[in-house]
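Numbering (the UniProt record's numbering), first residue to last: 1 to 70.
In structure tokens:
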């Protein structure tokens, strides 16, 4: 019982708002998702498509960026 009281007293002082990560400009996620879906639909033809190459590069950049972990 004492542990529960101590934990609740400790937790009530923690901030409740953890914030929302910055996802970039509005609509950029939608554009990326649309481009990735288009390239997936192309199948093997997407391998030589310059638009797909650019979309994949942007997706890798976002995935491996330090801000992605937030």
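Using N, Cα and C, we set each Cβ at its ideal position, and we do this for glycine too.
Computed from a prediction, not measured in an experiment: that's the story for all the values here.
In or out: residue i buried (at least 16 other Cβ within 10 Å) or exposed?
i          : result
residue 55 : buried
Just checking my contact of residue i with residue j at CB under 8 Å: how many whole Å lie between their CB atoms?
i          : j          : result
residue 39 : residue 30 : Not quite, the Cβ-Cβ distance comes to about 15 Å (not below 8 Å), so this is no contact.
So, for residue i: in the same chain, excluding its five sequence neighbours on each side, which residues have a beta-carbon less than 7 Å away from its beta-carbon?
i          : result
residue 36 : 55, 59
Leaving aside the five residues before and after residue i along the sequence, list all residues of the same chain whose C-beta is less than 6 Å from its C-beta, in chain order.
i          : result
residue 61 : none
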